[in-house]
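Protein chains in written order, with full-length UniProt numbering: chain A, 1 to 345; chain B, 1 to 345; chain C, 1 to 345; chain D, 1 to 345. For glycine and all other residues, C-beta sits at the position ideal for the given N, C-alpha and C. The block underneath contains the structure these notes are about, expressed in structure tokens.
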Ligand SMILES: [Mg+2]
Ligand SMILES: [Mg+2]
Ligand SMILES: [Mg+2]
Ligand SMILES: [Mg+2]
């Protein structure tokens, strides 16, 4: 439960008020206990101002590092361009401020490793990474059911990750680093073991993709225990956003589907709605993620995916990107030993 | 969006820390933006203390009217025994403080009417009633789909309201005032028209009910436009909490079921979980209800079901209770004209 | 298992080759073991000829009573106009030939009672009535699950019977005798007890009905044990054919829905198909019904709903029709004692 | 529609009355129009006698080739051990009698090719292969939906094939030739194109398998157009028989699940039944397959999977078996040109 001073909310500074950042600002302002947005910054000052319209006490700052350092900022949410993450997160660690960084933690593993090292040096975990699926009630249910032994030891995982459309000319590597990376993280988290290799297969591409993206991909992951996970990544699936998985164990299977609320019957069909994008599909996951981050920050605790998790995801994604160029050939995921700092959770 | 002073949360006083009250305290403390619990009171001071364990700045007060009057209480949540609602809500109205009162607003219609009259005299709406289903994403979807014309003009409604078990010796009237009343409110809200008559039928009773409750009941409602709604109320259904409805229109039907997240396959069956009680089934509805109430209170606006809605529900429930004694005979629901104060929403 | 001479099929004569009759001819010719259609007759000889196109050895006869008497007809299927059923079925009984009569057995109870009396006089059961739902795998599953005690003693039944559209100017009585009658029969069969009263309620009528049919109706049935069944009958539901029911017992509920085979995802929706009419929804039930009738006839046994069941359905339907004129007033269903001939099944 | 002489049924001889053969005997006797079982044979004469108990006019013969030649056998169903298929089918072709052979047509491709060549020489198609899924209403729906363009051009296929348990010590090759072979056939049939390569992956094996079977397998298929299909084969899945697939196209997806008839609610769960084995899951498919075979045989037409399809399945299975020994390495599926005889369907 929140342990905060009466009348004292965690003051959050948000760097980057694009789609995700603006969404987070709104969620914190309207649906998260114990926090308020005190400052935002964005390359586009107009956009920054729009993001805080109607939020009392929130200011637009011009410099993200100034925001990190600001006295009225207790914790920082980084939702700016991927290339800026490393410097900003390091600044937060140095300032001793909790930070929630949107995924990926950094574009390349080296940057994430520097963040891990900075935390080790600081001697405490301040960094959380925005792998929101860990807060989705469905994924949580799968993990708990697995833990309770409902399906016995896990053997296989079938995953589907579809977006309605991607930006024109998204490179294939973007399918790995932007989309598959969510699968990499959630698979590790569900199974509590590491991914050890990644293979990419290229099915017949969709003719409806604008530009020269090769889409979809089929990604095959192996884990330390020998489990195999096949992951379809299809970011121009046209019909909507659709994330599902089936975990197969020795005794049964757990199937996670998008929850259906209302079934409509009309014109010879029974119909339910498919999500438009990740924001409606995972709205509740984002809210819980932000709430847990805020509650933890107020209590001096790091919650959710940590810097190590963020680092591992970038290592796996780098293997996936390397695998793109040699379809059918497994690429190993090689990790240094996990530092002591990340052993307890 | 919340419009509140920076660093200034709505300070909520909670009267009654039984199951619902304690739940609300926890929800406000952990999941609602812009509010904190500043005071609680309960006949059982121990229970009140337990409810605020770990919540900084919250005090246990001994007198509920003192809580209403307290300088550190901006808004009041009434979750005490039904018989106490009227006096407490009236005190809030007199103090000019927003109040969210758990349903029923009062045990009998006369009390609710006095609250309506007090608000009219005060010239503004301060009272909200805890009909949380209006915030359930599923019911909201049904209402919006109806509004969008997906099924044409509504003609029939089939409703099911089941609890796993009731307290021993719950009188049949309790099935109406405690359970069916949720249906009465949500039906009015979905359809935007009034219930005009209530008929009760008594099916073969369950032999598994402890004590002399007659359970289940079948309740038939007629509305101003001639729509009929059949409502099963079964509060000792044993297997779990289960609320569903189907709205039938000229062009189709909308079926609201409990959402399924994960389907388990094991031992020759495909299985999903049924809710234990209203708190897990409607957890998200309660959270949204509280959030909207808080956001409205901070903005000087009444949100959700108002005192008039609360009054109408008690009138319909009283008709239902009268109908219990003459199974198969319709009892009219008679309402005075709706006061001007409640015309705009 | 079929016990028939090698090379010797049951020769079926079909009276009436309208929609249902022609369907049955096709089903027998293409999907039923041990039978062939040897003769058909219809007021419209052209239609009769069309029905047997491509069926070797089938003749068109001009006189239905000639068909019943024909040496090449071992068993008779009556699918002609309701008003003709009594005479034809009686002729079959007198000829000692098994007969499957489409529902209703006769328009009024008196005619059905005369058939029952003729069978009693003949000393054996030759008449089956086309209540095909008794052969639907879903209804069979509900009945078996009930029998196995999955939901304990039954208390309530919620039924929905929707057709896309009815013939223009179908009288309201047609909703009872043509549609609700299926519910009356299947409810008796599911529960193994008699319906004792029928009440009709008239909801707001659909404005889309052509002509002056009042549609939908809500029918409330009481049974000998006190169970209540509410039945929506809506024969101009526009969107398709939809038959569902939920049986509620002391321990749980059994929900029978139209089975879904394939879920399509496209254009932001997840979709499955709703049946067009009873023929696709109950195709398998019709096939099993015909197969069981043929197998029974070859073995000298009556199968499926018998003349008594047909009679009871007409008595219940007559009560329902009487109830139409006094909405909200229960009309008793009064039955003479069941004759010995129908005691064993 | 059946075109057969009045009173003249197709006389079917059945070779092999093990589980599948006995099932087919029963289905023909009780649920197929226009046919009867006239003769059976089995190494175990007792079992053969049991299979025809109660079927008039059926004889037990001692020699399968005598059965093929028998004057009272118009068509032959081969359900004996795989190793016997070739000789028996060739005998049927030479005798000019239609034959339905259970899959696999032969254990190795060479045998199937000899059957193809025999048919070419005979100048007509007499052989059908028991790939019953082509008759399953669900698979038919997927194929028709694909044809209608509901999901656009197909890109990916995800398949799951699970059995509750296999015989002890089933070799891994048995998972390919006995189970995956159904997937190979149905994929070709759904897509109307050839499989060009097979890769096998070995996930962590289930510890619950008795004997030294490596189970499950993950099989990756490529087709001529570049589509990829991943197929889980898990024959000791413990919980039941479960066959599903999802076809992903440029515009959407088609998901085939086991149809649910009745949902039970009891003890905090909502439950439906999973099939025990292929016989209940595909009962309707088997019936339709047999009916279509019989109807075709009576009309002088070959229906369903033909000898070429049977041959192609064995070639793909042989590639799959070869792939077992080199996990992760694709093995090509190489086919000679399709003979003219198999061009029209
Ligand atoms: Mg994210
Ligand atoms: Mg409430
Ligand atoms: Mg019928
Ligand atoms: Mg087969």
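Under the criterion of beta carbons closer than 8 Å, residue 57/B and residue 38/B qualify as touching, at roughly 6 Å. Cβ proximity to chain B below 8 Å picks out 260, 265, 266, 267, 268, 269, 270, 271, 272, 273, 274, 276 from the region 260 to 286 of chain D. Looking at the DSSP output, residue 158/C sits in a beta bridge with 230/C, 246/C.
Excluding five sequence positions before and after residue 155/B, the CB atoms of its chain that fall closer than 7 Å to its own CB belong to 227, 248, 249, 250, given in chain order.
Within chain A, no residue has its CB atom less than 9 Å from the CB of residue 62/B, the nearest being about 20 Å off. In its own chain, leaving out the 5 sequence neighbours on each side, no residue places its CB closer than 6 Å to the CB of residue 18/C. Identification of residues in the region 17 to 32 of chain A having a C-beta nearer than 8 Å to some C-beta of chain B yields 26, 28, 29, 30, 31, 32, given in sequence order. For chain C, the residues of the region 232 to 245 of chain A that bring a beta carbon within less than 9 Å of one of its beta carbons are 237, 238, 239, 240, 242, in chain order. In the structure shown, residue 197/C adopts extended strand secondary structure according to DSSP, grouped into three states. Contact between residue 329/D and residue 199/D holds, with the beta-carbon distance rounding to 7 Å and staying under 8 Å.
In the same chain as residue 51/B, and ignoring 5 residues on each side of it, the C-beta atoms closer than 6 Å to its own belong to 17, 22, 25, 40, in chain order. The DSSP assignment places 262 to 266, 269 to 273 as complete runs of the beta strand (DSSP E) inside the region 258 to 328 of chain D, in order along the chain (cut-off: 3 residues). Residues of chain A whose Cβ lies closer than 7 Å to the Cβ of residue 145/B are, in chain order, 262, 264. In the DSSP assignment, residue 13/B falls within the unbroken beta strand (DSSP E) covering 10 to 15.
Within the region 248 to 259 of chain A, contact with chain B at the beta-carbon level (separation under 8 Å) is assigned to 251, 252, 253, 254, 255, 256, 257, 259. By the Cβ-count criterion, residue 74/B is buried, with 16 or more other Cβ atoms from all chains shown falling within 10 Å of its own Cβ.
Residue 234/D has its alpha-carbon roughly 16 Å from the corresponding atom of residue 255/A. As DSSP reads the structure, residue 253/A sits in a beta bridge with 248/A, 265/B.
DSSP places residue 223/B within a strand segment (E or B) once states are collapsed to three. Among the CB atoms of chain C, none fall inside 8 Å of the CB of residue 171/D.
For the set 95/C, 72/C, 129/C, 114/C, the Cα lying nearest the Cα of residue 286/C is the one of 129/C. Nearest Cα to residue 20/A within the set 230/A, 62/A, 131/A: 131/A. The beta carbon of residue 161/C sits no closer than 8 Å to any beta carbon of chain B.
The C-alpha of residue 280/C lies about 16 Å from the C-alpha of residue 139/C.
In this model, residue 246/B and residue 261/D are separated by some 19 Å (Cα to Cα).
Sequence-ordered contacts of the region 178 to 206 of chain D with chain C are nonexistent [C-beta pairs closer than 9 Å]. For residue 230/A, the nearest beta carbon of chain D is closer than 8 Å to its own beta carbon. Of the residues assessed, residue 169/D falls on the exposed side of the cut-off, its CB having fewer than 16 other CB atoms within 10 angstroms. Only residues of its own chain outside the window of five on either side were considered, and among them 232, 244 have a CB closer than 6 Å to the CB of residue 160/D, listed in chain order. Proximity of chain B to residue 225/C at the Cβ level (cut-off 7 Å) is accounted for by 204, in chain order. The region 174 to 191 of chain D and the region 305 to 320 of chain D touch, with no fewer than 3 CB-CB distances between them shorter than 8 Å. Residue 167/C has no beta-bridge partner at all, per DSSP.
Taking 8 Å as the cut-off, the Cβ atoms of residue 68/D and residue 76/D count as close. Within the same chain, Cβ atoms closer than 6 Å to the Cβ of residue 206/B are found at 215, 236, the five residues on either side in sequence being excluded. Classified as buried, residue 103/B has 16 or more neighbouring CB atoms from the shown chains inside 10 Å of its CB. Not a single CB atom of chain D sits nearer than 8 Å to the CB of residue 321/C.
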